[in-house]
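First the structure, in the form of C-alpha cells, and then the observations on it.
Numbering (full-length UniProt numbering), first residue to last: 1 to 229.
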C-alpha cells in the first residue's frame, strides 16, 4: 500500500509547518521539492568534488568527470541505450532547439513537421522557426472537443501528410497521450515517420523502432533531482 507519510518523510521541505499546518506542496509541475538523498549528494559534491568536468587533469576535476560520466552510463543502462546516444543538456528546451537547429540543412519545402496543440511553447517555437528557415510545412494533430486525441484520426492524419518530423509530448498537464503506443504497434503498418520526438515530463519508455529515428527528451528538475539536470 502507498505510504504517504513515509514518502513525505524523504522530503525535508515537507516537514515544516505553513500557517500551522503541514506543508502540502502542489506546484511540482514547475519544480519538485528534493528528497534528502538528492540534497545530501549535492552537498557532498560541492563540499568535496566541486570542479569542472572534462576541463582539467587535477584530482577534483577527474573525480567530477568520473561522476559525470558514471551518471551518463547509469541513465543509458536504465534505458538500454548506448552511452554515446545520451546527450546532456540544461533542459528539454535546449534539447529541442539542439535537434531543430541540427535539422536545418536536412529539411526543405517538401518537408512536413507535425506537432500538437497540447505542446509547451518549448516544443512549438523551435519548429515554427525551423519551418520558417526551411520552408517546411508545420501542421498540428487534430484534437477532439474534450482536448484529447482521437487515436485513429491521428493515425489517418499522419498517413495522409507523411510527416518528416513528428514532435509531440508524451504527457501534458497530467494527460498521458496513448499515441506513442499506437505508433509503436503500427510502425510496420504504413505509418511513415523518419523522425519521432517525444517530449516527456514524467518518465519515458525505451522503444526500439525498426524504421524510425526516435529521440526522447526528458528533464529532471520536476522529478525530484537537482536543478539543471
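The beta carbon of each residue, even a glycine, is placed where N, CA and C say it ideally should be.
(request) Determine, using beta carbons only, whether residue 143 and residue 122 come nearer to each other than 8 Å. (result) On the chain shown, residue 143 is found 143 positions in, with the first residue counted as 1. On the chain shown, residue 122 is found 122 positions in, with the first residue counted as 1. Their beta carbons are not under 8 Å apart, which means residue 143 does not touch residue 122 by this criterion.
(request) Go through its chain and collect everything with a Cβ distance to residue 140's Cβ below 8 Å, but skip five positions before and after it. (result) Numbered from its first residue, the chain shown carries residue 140 at position 140. Excluding sequence neighbours, residue 140 sits near 114, 115, 116 and 117.
(request) With a cut-off of 8 Å on the beta carbons, I'd call residue 23 and residue 13 a contact; round off their distance for me. (result) Position 23 of the chain shown, counted from the first residue, corresponds to residue 23. Position 13 of the chain shown, counted from the first residue, corresponds to residue 13. At roughly 7 Å, the Cβ-Cβ gap stays under 8 Å, so residue 23 and residue 13 are in contact.
(request) Would you kindly report the start and end of the unbroken beta strand (DSSP E) that includes residue 96? (result) In the chain shown, counting from the first residue as 1, residue 96 sits at position 96. From DSSP, residue 96 is part of no beta strand (DSSP E) but of the alpha helix (DSSP H) over 92 to 102.
(request) Note the first and the last residue of the continuous beta strand (DSSP E) segment covering residue 138. (result) Within the chain shown, numbered from 1, the residue matching residue 138 stands at position 138. That run of the beta strand (DSSP E) goes 137 to 141.
(request) Report the rounded CA-to-CA distance for residue 42 versus residue 170, giving the unit in angstroms. (result) In the chain shown, the residue the question calls residue 42 occupies position 42. In the chain shown, the residue the question calls residue 170 occupies position 170. Rounded to the nearest whole angstrom, the CA to CA distance from residue 42 to residue 170 is 29 Å.
(request) Give the DSSP-derived three-state secondary structure of residue 113 in the structure shown. (result) To locate residue 113, count along the chain shown from 1; it is residue 113. For residue 113, the three-state secondary structure derived from DSSP is strand.
(request) To the nearest angstrom, report how far apart residue 127 and residue 151 are at their CA atoms. (result) As a first step, residue 127 must be located in the chain shown, where it is residue number 127. As a first step, residue 151 must be located in the chain shown, where it is residue number 151. Per the coordinates, the alpha-carbon of residue 127 lies some 23 Å from the alpha-carbon of residue 151.
(request) Consult DSSP for residue 12 and reduce its assignment to one of helix, strand or coil. (result) Mapped onto the chain shown, residue 12 falls at position 12. Residue state for residue 12 is assigned as helix, using DSSP reduced to three classes.
(message) I'd like the span of the alpha helix (DSSP H) that includes residue 76, first residue to last.
(response) Locating residue 76 in the chain shown gives position 76, where the first residue counts as 1. Residue 76 -> alpha helix (DSSP H) spans 59 to 78.
(request) Could you pull out every residue in the same chain whose Cβ sits closer than 6 Å to the Cβ of residue 168, ignoring the five residues on either side in sequence? (result) What you label residue 168 is simply residue 168 of the chain shown in a count that begins at 1. Excluding positions up to five away in sequence, the list reads 116.
(request) Let me know if residue 166 comes out buried or exposed under the rule of 16 or more other beta-carbons within 10 Å of its beta-carbon. (result) Within the chain shown, residue 166 is the residue found at index 166, counting from 1. Per the 10 Å Cβ criterion, buried.
(message) Nearest by alpha-carbon distance to residue 6: which of 19, 36 and 29 is it?
(response) For the purposes of this step, residue 6 is taken as the residue at position 6 of the chain shown. When each option's Cα is compared against that of residue 6, the closest is 36.
(message) Below 8 Å on the Cβ atoms is my contact criterion, and I expect residue 248 with residue 49 to pass it. Report the Cβ-Cβ distance as a whole number of Å.
(response) The first residue shown for the chain is 1 and the last is 229, placing residue 248 beyond what the model contains.
(request) Could you check the C-alpha separation between residue 58 and residue 74 for me, to the nearest Å? (result) Taking the chain shown and counting its residues from 1, one reaches residue 58 at position 58. Taking the chain shown and counting its residues from 1, one reaches residue 74 at position 74. For residue 58 and residue 74, the distance between alpha carbons rounds to 24 Å.
(request) Would you check if the distance between the CB atom of residue 76 and the CB atom of residue 60 is smaller than 8 Å? (result) As a first step, residue 76 must be located in the chain shown, where it is residue number 76. As a first step, residue 60 must be located in the chain shown, where it is residue number 60. No. Outside cutoff.
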